[in-house]
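Visitor: Going down the list, the sequences are from chains A and B.
With this note's numbering, letter number 31 in the first sequence gets 73, and the count goes up by one each step, no holes.
With this note's numbering, letter number 67 in the second sequence gets 286, and the count goes up by one each step, no holes.
Just dropping this structure here.
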Amino acid sequence: KNEVEQSPQNLTAQEGEFITINCSYSVGISALHWLQQHPGGGIVSLFMLSSGKKKHGRLIATINIQEKHSSLHITASHPRDSAVYICAVRRRGSGDKLTFGTGTRLAVRP
Amino acid sequence: SAVISQKPSRDICQRGTSLTIQCQVDSQVTMMFWYRQQPGQSLTLIATANQGSEATYESGFVIDKFPISRPNLTFSTLTVSNMSPEDSSIYLCSVVAGAGQETQYFGPGTRLLVL
Chain A
43 KNEVEQSPQN
53 LTAQEGEFIT
63 INCSYSVGIS
73 ALHWLQQHPG
83 GGIVSLFMLS
93 SGKKKHGRLI
103 ATINIQEKHS
113 SLHITASHPR
123 DSAVYICAVR
133 RRGSGDKLTF
143 GTGTRLAVRP
Chain B
220 SAVISQKPSR
230 DICQRGTSLT
240 IQCQVDSQVT
250 MMFWYRQQPG
260 QSLTLIATAN
270 QGSEATYESG
280 FVIDKFPISR
290 PNLTFSTLTV
300 SNMSPEDSSI
310 YLCSVVAGAG
320 QETQYFGPGT
330 RLLVL
């Protein structure tokens, strides 16, 4: 079993829909990252969370440390949001090394 | 923030040859990370490179196959040696930077195809 599991693996949405991507992990962590990878391969860091909730524009990320679960929400989705969204955790005691989920491939149709 | 550049951006190589990938950061960082992303897979850490010391390799990766240099605080190289088609991947370097040392930055990646 992977230490970081994401769901769904693939997601197709209509423009304007509210989207939720989930991430569950099985290890103790010091932080959790949400990353966005576009088709060209470049990766952008969206959020780093250690507790609670963060918001940036149409993106919201939450984490529940007790339940070892995080969600990434996209409000009013747009075709430019189409990308692979990756959850990665910084395991407690591992320094800055990350363990990655397998990613959620999102396609937003106009 | 940190801006990372990588060279080359992509390459097609013959089996048995070696390729050196360069990673340049626009600020000084203590640790640089090298990741591999095989087709359809997520990222896997190859090694952590500290300036002035030997790189630390993850399980399944060895120095003879992936030698790393870290001559200063803004630059690192990863060599993929004696390549086989299984080495076809995207190779990314990454750093942690920012005021709270909490943001993970990634290079644009080097897309490698081994024939």
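Beta carbons are placed, not taken as given, at the ideal position from N, Cα and C, and that holds for glycine.
So the candidates are B:S300, B:D245, B:L334, B:P327; which of them puts its Cα closest to the Cα of Q81 of chain A?
Guide: For this step, residue 81 of chain A is matched to residue 39 along the first sequence. Just to set this straight, residue 81 of chain A is Pro in the shown sequence, not Gln. For the residues B:S300, B:D245, B:L334, B:P327, the minimum Cα distance to P81 of chain A belongs to B:P327.
Visitor: What three-state label does DSSP hand R134 of chain A in the structure shown?
Guide: Start at 1 with the first residue of the first sequence, and residue 134 of chain A comes out as number 92. The answer is coil: DSSP assigns R134 of chain A none of H, G, I, E or B.
Visitor: To the nearest angstrom, report how far apart Q241 of chain B and L262 of chain B are at their CA atoms.
Guide: Taking the second sequence and counting its residues from 1, the one referred to as residue 241 of chain B is at position 22. Taking the second sequence and counting its residues from 1, the one referred to as residue 262 of chain B is at position 43. Answer to the nearest angstrom: the Cα atoms are 18 Å apart.
Visitor: Does the Cβ of Q157 of chain A have 16 or more other Cβ atoms within 10 Å, making it buried, or fewer, making it exposed?
Guide: Because chain A in this structure spans residues 43 to 152, residue 157 of chain A falls outside the shown range and cannot be described.
Visitor: For S261 of chain B, would you say it is in contact with chain A, using Cβ-to-Cβ distances shorter than 8 Å as the test?
Guide: The residue given as residue 261 of chain B occupies position 42 in the second sequence. So yes, S261 of chain B belongs to the interface.
Visitor: If the criterion is Cβ atoms closer than 8 Å, does the pair G53 of chain A and I61 of chain A meet it?
Guide: Position 11 of the first sequence, counting from 1, holds the residue named residue 53 of chain A. Position 19 of the first sequence, counting from 1, holds the residue named residue 61 of chain A. Sequence inspection shows Leu at residue 53 of chain A; the Gly mentioned does not correspond to that position. Yes, these two residues count as a Cβ contact at 8 Å.
Visitor: Report the neighbours of F60 of chain A on chain B: residues whose CB is nearer than 7 Å to its CB, in chain order.
Guide: Taking the first sequence and counting its residues from 1, the one referred to as residue 60 of chain A is at position 18. What F60 of chain A touches in chain B: nothing, since even the nearest Cβ is about 25 Å away.
Visitor: Residues of chain A with a CB under 8 Å from the CB of M251 of chain B: which are they?
Guide: One-based indexing of the second sequence puts residue 251 of chain B at position 32. What M251 of chain B touches in chain A: nothing, since even the nearest Cβ is about 10 Å away.
Visitor: Using a Cβ-Cβ cut-off of less than 8 Å, list which residues of the stretch 70–103 of chain A approach chain B; keep chain order.
Guide: A73, H75, L77, G82, G83, G84, I85, V86, S87, M90
Visitor: Can you look up P50 of chain A in the DSSP assignment and give me helix, strand or coil?
Guide: Walking along the first sequence from the start, residue 50 of chain A turns up at place 8. Three-state result, P50 of chain A: coil.
Visitor: Are three or more beta carbon pairs between the stretch 228–245 of chain B and the stretch 287–299 of chain B nearer than 8 Å?
Guide: yes
Visitor: Does the beta carbon of I223 of chain B come closer than 8 Å to any beta carbon on chain A?
Guide: Residue numbering aside, residue 223 of chain B sits at position 4 when the second sequence is read from its first letter. With 8 Å as the cut-off, I223 of chain B does not count as an interface residue toward chain A.
Visitor: Between the stretch 276–287 of chain B and chain A, which residues of the former have CB atoms less than 9 Å from a CB of the latter, in chain order?
Guide: E277
Visitor: Could you say if the stretch 133–148 of chain A and the stretch 247–262 of chain B meet the contact criterion of at least three C-beta pairs nearer than 8 Å?
Guide: With the cut-off at 8 Å, the stretch 133–148 of chain A and the stretch 247–262 of chain B touch.
Visitor: Helix, strand or coil for P304 of chain B? Go by DSSP, reduced to three states.
Guide: Stepping through the second sequence from its first residue, residue 304 of chain B is reached at position 85. DSSP places P304 of chain B in helix when its eight states are reduced to three.
Visitor: Buried or exposed for R122 of chain A, going by 16 or more other Cβ atoms inside 10 Å?
Guide: If you number the first sequence from 1, residue 122 of chain A lands on position 80. R122 of chain A counts as exposed, since fewer than 16 other beta carbons sit within 10 angstroms of its beta carbon.
Visitor: If you run the structure through DSSP and keep just helix, strand and coil, what is P290 of chain B?
Guide: Residue 290 of chain B sits at position 71 when you count from the first residue of the second sequence. P290 of chain B: strand per DSSP, three-state reduction.
Visitor: Smallest Cα separation from W76 of chain A: which of A:V150, A:A118, A:E57, A:I63?
Guide: Along the first sequence, one-based indexing puts residue 76 of chain A at 34. Minimum Cα distance to W76 of chain A is reached at A:I63.
Visitor: Taking a cut of 7 Å between CB atoms, which residues from the stretch 121–134 of chain A lie near chain E?
Guide: Given the protein chain composition of this structure (A and B), no chain E is represented.
Visitor: Could you tell me the boundaries of the beta strand (DSSP E) in which V333 of chain B lies?
Guide: Counted from its first residue, the second sequence places residue 333 of chain B at position 114. Its beta strand (DSSP E) spans residues 329–333.
Visitor: What three-state label does DSSP hand D187 of chain A in the structure shown?
Guide: Limits of chain A in this structure are 43 at one end and 152 at the other, which puts residue 187 of chain A out of reach.
Visitor: Is there a Cβ from chain A that is less than 8 Å from the Cβ of V333 of chain B?
Guide: Along the second sequence, read from residue 1 onward, the residue named residue 333 of chain B stands at position 114. So no, V333 of chain B is outside the interface.
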